[in-house]
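If you read the sequence shown in my numbering, its first letter stands for residue 50, the second for the next number, and so on.
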Amino acid sequence: MNITLKKTLKNVSFGILLFKMCIIFGQQKVIVIDPGHGGKDSGAVGINGIMEKDVVLAISKEIIRLNKIVFDNELNIYLTRYIDTLISLRDRGRLTNVLNADAFVSLHCNASKRASKGIEIYVHHSDGDYTAKSIELGLSVLNESTQKLGFKKRGVKLENFQVLRETINLCHAILIEMGFVTNIDEAYYFLKPQNIRAMALAILIGITGHLNIKS
């Protein structure tokens, strides 16, 4: 299959997803979980070879599973990607807009040449329509994940990341850096399925707690 055809099929698939999302209505809160990177963009690569794109996708899928079995599908959750493919930052924002989402949560893993560790959360630095509420959402997720999982709390910070810039005027929007894959302890943490579940549950509880949704 040539590159042009592959690109066309990917664009068609994303277009079909957008169309399907347009006809979905309901009273549930709509949450877009964005597994960062994907496809040829691996994101950060850990000291044990673990790749950011794989970690964030695994946690995103676990969030969907836990929403079903623990929260009885209390939330309407969609992912920006369900497989190992690269979706543009603009299209991630477009999907959030089409879904009229209540919250956008982008998942990432951090990397550093220093001995850094811990979880930090970013909100767009502008005074957008949802900036204050996004900071509250970030604090809810940060407190839940650090207190329950024992990660160092690095705070909620302001930044001009494009994926946040695309969504801050649409809904509550945060980007979570879920630990450093360049830190030996945190890199190996994400190799264990039970830890993937624990991180997914902490994020999910943080989201529901902020949105005042019955858990």
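For every residue, glycine included, the Cβ atom is placed at its ideal position computed from N, Cα and C.
* Considering GLY228, what are the terminal residues of the alpha helix (DSSP H) in which it resides? -> GLY228 -> not in any alpha helix (DSSP H); beta strand (DSSP E) instead, spanning 221–229.
* Asked: Whose C-alpha, out of PHE229, ILE112 and SER137, is nearest the C-alpha of LYS89?
  -> SER137
* **beta strand (DSSP E) segments (min. 3 residues) lying fully within the segment 180–244** => 202–208 and 221–229, all fully within the segment 180–244.
* **Residues of its chain near LYS182, where Cβ-Cβ distance is below 6 Å and the 5 sequence neighbours each way are ignored** => HIS221
* So what does HIS157 bridge to, in DSSP terms? -> In the DSSP output, where bridge partners are listed per residue, HIS157 has GLU226.
* To do: Please report the Cβ distance between VAL190 and GLY98, rounded to the nearest whole angstrom; I am assuming they are in contact, meaning their Cβ atoms lie under 8 Å.
  => In fact, because the Cβ distance is near 28 Å, the residues do not count as touching under 8 Å.
* To do: With a 10 Å radius around its C-beta and 16 neighbouring C-beta atoms as the bar for buried, classify ARG114 as buried or exposed.
  => exposed
* Note down, in chain order, each residue of its chain lying with its Cβ closer than 6 Å to the Cβ of LEU250, except the 5 sequence neighbours on either side. => LEU115
* To do: Rank ASP140, GLY85 and ASP103 by C-alpha distance to the C-alpha of LEU240 and give the top, closest one.
  => ASP103
* **Identity of the residue in ARG141, ASP178 and ILE168 nearest GLN196 by Cα** => ILE168
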